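Undergrad:
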Amino acid sequence: MKIITELDKMKTYAKIMRKENKLVGFIPTMGYFHEGHLSLIKTARKQADVVIVSIFVNPIQFGPKEDLEKYPRDIKRDEELAKTCGVDILFCPKNKDMYPEGFSTYVEVEGLTEKLCGKSRPTHFRGVTTVVMKLFEIIKPDIAYFGQKDAQQAFVIKKMIGDLNMDIAIKIMPIVREKDGLAMSSRNVYLTKSEKKDATLIHKALKLAEELITGGERDSKKIIKKMRELLLTSSIVSIDYVSIVDTRSLKEIPTIEGEVLIAIAAVIGKTRLIDNIIIKVTEDEKAYECEKSK
Ligand code: AMP
612 MKIITELDKM KTYAKIMRKE NKLVGFIPTM GYFHEGHLSL IKTARKQADV VIVSIFVNPI
672 QFGPKEDLEK YPRDIKRDEE LAKTCGVDIL FCPKNKDMYP EGFSTYVEVE GLTEKLCGKS
732 RPTHFRGVTT VVMKLFEIIK PDIAYFGQKD AQQAFVIKKM IGDLNMDIAI KIMPIVREKD
792 GLAMSSRNVY LTKSEKKDAT LIHKALKLAE ELITGGERDS KKIIKKMREL LLTSSIVSID
852 YVSIVDTRSL KEIPTIEGEV LIAIAAVIGK TRLIDNIIIK VTEDEKAYEC EKSK
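Numbering of the sequence shown is given in this note's numbering, commencing with residue 612 and proceeding in unit increments.
1) Could you name the residues of the same chain whose beta carbon sits closer than 6 Å to that of Glu868, not counting the 5 residues immediately before and after it, in chain order?
2) Helix, strand or coil, according to DSSP, for Ser715 in the structure here?
3) Tell me whether Gly869 sits in a helix, a strand or coil according to DSSP, three-state version.
4) Based on the DSSP secondary-structure assignment, which residues constitute the bridge partners of Leu597?
5) Shortest alpha-carbon distance to Ala794 belongs to which of His645, Asn632, Val635?
6) Please tell me whether Gly642 and Val668 are closer than 8 Å, where the distance is taken between their beta carbons.
7) By how many angstroms is the C-alpha of Ile671 removed from the C-alpha of Ile955?
8) Identify, in the order they occur along the chain, each residue of the same chain with its Cβ nearer than 8 Å to the Cβ of Gly674, setting aside the five sequence neighbours on each side.
9) Comparing the C-beta of Lys745 with each C-beta of chain D, is any distance below 8 Å?
10) Helix, strand or coil for Thr734? Go by DSSP, reduced to three states.
11) Buried or exposed: Ser715, going by 16 or more other Cβ atoms within 10 Å of its Cβ?
12) Leaving aside the five residues before and after Ile885 along the sequence, list all residues of the same chain whose C-beta is less than 6 Å from its C-beta, in chain order.
13) Can you check which of these residues, Lys808, Arg688, Gly738, is closest to Leu679 by C-alpha distance?
14) State yes or no: is the C-beta of Ala625 within less than 8 Å of the C-beta of Ile750?
15) Starting from Val767, follow the alpha helix (DSSP H) in both directions and report where the run begins and ends.
16) To the nearest whole angstrom, what separates the beta carbons of Arg829 and Thr882, a pair I think is in contact under 8 Å?
17) May I have the straight-line CA-CA distance separating Ser846 from Lys832, to the nearest angstrom?
18) Apply the 10 Å Cβ neighbour rule to Gly758 and answer buried if 16 or more other Cβ atoms are within range, or exposed otherwise.
19) With a threshold of 7 Å on Cβ separation, who are the neighbours of Arg708 within its own chain once the five nearest residues in sequence on each side are excluded?
20) Taking 7 Å as the cut-off, does the CB of Gly758 come closer than this to any heavy atom belonging to the ligand AMP?
Next up, the structure:
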């Protein structure tokens, strides 16, 4: 495995791979790997000739009061894990090269980014789309892998790819969870033991929504009310949002039909966590499919 930090070197390597007609798979990350990251990498390893993973804690997607400084980092451990998973290139660009003095160009996807997480993190998605666009330009991958864990992010990137006619296939991979249902996240390291226990309420609330829908409930308001009640059984949980939205527009829907995203953002102690499930209710209103949550 090669570690590349220079943008030009990364560009040159990627260019050579394209010239050799190699299928390039790319996974952008902020590092501090867990099984969620590794599942993306392992899938890419199966599908692509060359696997490139970036590690870059992107400052412009953090708000001024967010956790940029204390975001967990362990590059040595990440290197070892990446090697084990068969990564070809670990691309670790430097801040000063990604955002040199005078940097002033941003990519904004309107519409989808003001909703859900965009309400409490107004500059987050423009930071994400800008860095992803830059990484795509440097690497020009054939396929890029994202996790459903950050469903809104994945939908926003897909929209950007479509709107800007970019020639990159986007694969969205299922959420990897701990045994108790907690979605894996680098930020879980912030949680104390008791916070971690109460954080499982997030997945439990999503499972409750799934059960209600399976039982025939179609009224979003009623489902959300029950989810909120469950979450608030813990005094250390504060809810940012519990929303049921259409997967294409991310608009709230009063009645469950078609494919819906049920999403939660909640603060446990001081840690903001997100999770979601996607449920598809077919026309006969009985059959439904959903993410096979463990
Ligand atoms: P991050 O390093 O948190 O920016 O995540 C890098 C990529 O891994 C993103 O596409 C995330 O959606 C994805 N990811 C993070 N956590 C999980 C998870 N638990 N399951 C699946 N994918 C994940």
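The beta carbon of each residue, even a glycine, is placed where N, CA and C say it ideally should be. Since this is a predicted model, take the numbers as computed values, not measurements.
TA: The short version:
1) Val892, listed in sequence order.
2) coil
3) strand
4) Absent from the structure is residue 597, since the part of the chain shown begins at 612 and ends at 905.
5) His645
6) yes
7) As displayed, the chain neither begins before 612 nor continues past 905, which places residue 955 out of reach and without an answer.
8) Arg732, Pro733, Thr734, His735
9) This model lacks chain D altogether; it includes just one protein chain.
10) coil
11) Ser715 should be labelled exposed.
12) Ala876
13) Gly738
14) yes
15) 762-774
16) Going by Cβ atoms, the distance from Arg829 to Thr882 rounds to 33 Å, so no, they are not a contact pair.
17) 23 Å
18) buried
19) Checking the sequence shown, residue 708 turns out to be Asp, not Arg. Answer for Asp708: Leu618, listed in chain order.
20) yes
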